[in-house]
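To start, the structure itself, in structure tokens.
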Amino acid sequence: MKIGLLSSDADTVSLVSQLGYPHDCTHCASLEELTSLSADGAQLLVLDLDDLLPQADELVELVRRLRPPLATRPAPVVLLLATPAHQDWLWALRQAGAQELLVKPVRRQELALRMDLLMRTAEPEEAQTRVIAAGGFLLDLARLRVTHPQRPELEASLTRKEAELALLFLQNLGRPLSRAFLQEKVWGAEPELPTRTIDTHVSRVRTKLGLQPGHGYRLATVYGYGYQLERLD
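Per this note's numbering, the very first residue in the sequence shown carries number 25; after that it's consecutive.
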């Protein structure tokens with residue numbers, strides 16, 4: 025799917041681009057470029073309102089035009105990033121059809137969750153097919169469910185982080201994965217990540233997926249390094 029982003033903040037651009045991977049995420053330098061991208065089929069627009077204050081009326085009109093009464097294709101989902109000081113303008117944008125709002129400064133985890141939900145809303149057919157087979161399991165990344173064709177008792181619900189962590193282990197059977205690698209892939213550059221967060225999530229993944237010798241797996245600690253998932257014969 026196509027994602028359009030308008031922001032001059034380097035951290036926001038980097039974060040949205042990371043969270044939008046592997047989708048086609050385009051950084052627009054102006055409202056005109058964003059308008060062109062929306063006409064070209066963008067399904068999610070992320071707008072930093074601090075960059076658009078001088079063009080308030082034009083933006084409201086753009087959002088309104090995106091949702092005509094007799095649209096031939098689904099209108100893009102619009103996510104606004106704004107400070108509380110923009111209350112009057114935010115009300116006008118929401119009335120025009122902008123669906124979501126995150127108050128700045130935006131936390132990575134909150135933006136990750138919101139973008140995931142919005143991408144599934146914007147492209148429901150694709151979300152329904154996001155089932156990945158790995159290590160003998162089937163991971164449904166849209167519904168956050170895991171199943172094992174040969175072991176129905178291992179079916180479980182996961183959180184988004186647990187699903188991402190489980191997928192990393194299952195796609196890297198037999199390989200030791202460092203704690204730094206796991207943090208980067210699942211949590212990104214979270215400077216305040218508690219030291220026990222990774223350990224707690226690994227423990228939950230081990231329990232929910234039954235990654236124990238009795239089920240043919242071993243998720244073990246690699247002392248001083250990280251973790252390794254093995255599939256036992």
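All C-beta atoms in this analysis are idealised placements derived from N, C-alpha and C, irrespective of residue type, glycine included.
{"Check": "Length at least 4, wholly inside the region 71-119: the alpha helix (DSSP H) runs in chain order", "Outcome": "80-89"}
{"Check": "Thr183: first and last residue of the uninterrupted beta strand (DSSP E) it sits in", "Outcome": "Run containing Thr183: none; DSSP gives neither H nor E here."}
{"Check": "Residue environment, Ser227, which counts as buried when at least 16 other CB atoms sit within 10 Å", "Outcome": "exposed"}
{"Check": "First and last residue of the uninterrupted beta strand (DSSP E) at Asp48", "Outcome": "Asp48 to Cys52"}
{"Check": "Own chain, CB closer than 8 Å to Ala95, minus 5 neighbours either side, in chain order", "Outcome": "Low confidence applies here, because Ala95 scores a pLDDT of 46, under 50, leaving its location unreliable and the question unanswered by this model."}
{"Check": "Residue closest to Val70, alpha-carbon to alpha-carbon, out of Asp112, Ala116, Ala136 and Trp115", "Outcome": "Ala136"}
{"Check": "For Pro218, the three-state DSSP class (helix, strand or coil)", "Outcome": "coil"}
{"Check": "Sequence-distant residues of the same chain with beta carbon closer than 6 Å to Val229, five excluded per side", "Outcome": "Glu186, Leu189 and Ala190"}
{"Check": "Counted within 10 angstroms of its Cβ, other Cβ atoms place Asp72 as buried (16 or more) or exposed", "Outcome": "buried"}
{"Check": "Alpha-carbon to alpha-carbon, Thr59 and Val87", "Outcome": "9 Å"}
{"Check": "Cα-Cα separation between His239 and Gly121, rounded to whole angstroms", "Outcome": "50 Å"}
{"Check": "6 Å CB neighbourhood of Lys232 in its chain, flanking five on each side removed", "Outcome": "Ala180"}
{"Check": "Candidates Trp115, Ala109, His110 and Leu103, of which the one nearest Leu142 by Cα", "Outcome": "Leu103"}
{"Check": "Pairwise C-alpha distance: Gln195 and Val246", "Outcome": "18 Å"}
{"Check": "Chain-order list of residues whose beta-carbon lies under 6 Å from that of Ala80 (same chain, five-residue window excluded)", "Outcome": "Trp113"}
{"Check": "Residues of its chain near Pro237, where Cβ-Cβ distance is below 8 Å and the 5 sequence neighbours each way are ignored", "Outcome": "Leu256"}
{"Check": "Thr219 versus Pro78: straight-line alpha-carbon distance, rounded", "Outcome": "44 Å"}
{"Check": "Collapsed DSSP secondary structure at Ser32 in the structure displayed", "Outcome": "coil"}
{"Check": "For Ala136, the three-state DSSP class (helix, strand or coil)", "Outcome": "helix"}
{"Check": "Candidates Leu253, Ala66 and Leu162, of which the one nearest Arg175 by Cα", "Outcome": "Leu162"}
{"Check": "Where the beta strand (DSSP E) containing Leu162 begins and where it ends", "Outcome": "Phe161 to Asp164"}
{"Check": "Ala157 to Leu165 span [Cα, whole Å]", "Outcome": "11 Å"}
{"Check": "Reference Gln119, options Phe193, Leu83 and Thr107, closest by Cα", "Outcome": "Leu83"}
{"Check": "Arg255: first and last residue of the uninterrupted beta strand (DSSP E) it sits in", "Outcome": "Gly250 to Arg255"}
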